[in-house]
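Numbering (the working numbering), first residue to last: 41 to 188. All C-beta atoms, glycine included, are put in the ideal place defined by N, C-alpha and C.
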Amino acid sequence: MKKIMLTLMALALCLAVTACSTGAQASLEGSWHEQPADGTDQGAYQLTFNGDGTFEERVVSAKSRDIITTVSGRYTVNGDRITFEITGFASGGIEGETLMNLGGENSMARQYEIDGDTLYLYENEKQEGRTEKAFEGKLVRGPVTEQQ
């Protein structure tokens with residue numbers, strides 16, 4: 041009987057710990073994309089976080105499906121903050137090293153929040169739509185599909 045009680049107490053403790061940890065952020069790992077407004081020809085934006093701490097951002101032409109821009113690098117997470125370190129950039133044949141040597145910043149931090157299958161990236165306050173800043177906005181989980 042004593043063994044059964046100890047087992048039940050251990051099980052209850054495990055359940056309590058699991059219940060308390062459900063408030064943690066969901067995993068960033070995988071692909072996220074922006075949903076362009078219907079009827080627009082803006083490019084499709086996709087951000088992929090890999091388990092090894094690297095990322096790739098792609099902007100694909102809505103009409104030709106060609107890759108317009110690719111940004112890659114490493115990311116680190118600290119609480120609800122992501123820091124992106126850009127190590128590669130390609131746009132129309134221009135290599136990132138050249139672009140970054142012209143004075144571009146190659147590191148930036150953003151707040152993030154995951155709500156179900158929605159990822160919000162923002163500098164100061166949560167944005168619902170496209171912004172003019174890099175690595176900001178509302179993205180949904182999954183890769184860009186042919187319809188987008």
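- Going by beta carbons, residue 86 and residue 180 fall outside the 8 Å limit.
- When C-alpha distances from residue 70 are compared across 84, 99, 88, the shortest belongs to 88.
- Collapsing the DSSP output to three states places residue 112 in a strand.
- A buried status is given to residue 111, since no fewer than 16 other beta-carbon atoms sit within 10 Å of its beta-carbon.
- About 10 Å separates the CB atoms of residue 106 and residue 99; that is not less than 8 Å, and the two are not in contact.
- 119 is the residue among 95, 119, 90 whose C-alpha sits nearest the C-alpha of residue 154.
- The closest CA to that of residue 128, considering only 147, 117, 121, is found on 147.
- Distance check between residue 84 and each of 92, 90, 97 places 97 closest, using alpha-carbon atoms only.
- In the assembly as shown, residue 150 is a buried residue. Its beta-carbon has 16 or more other beta-carbons within 10 Å.
- As the crow flies, the alpha-carbon of residue 92 is around 21 Å from that of residue 157.
- Residue 177 sits in a strand when the DSSP states are folded into three classes.
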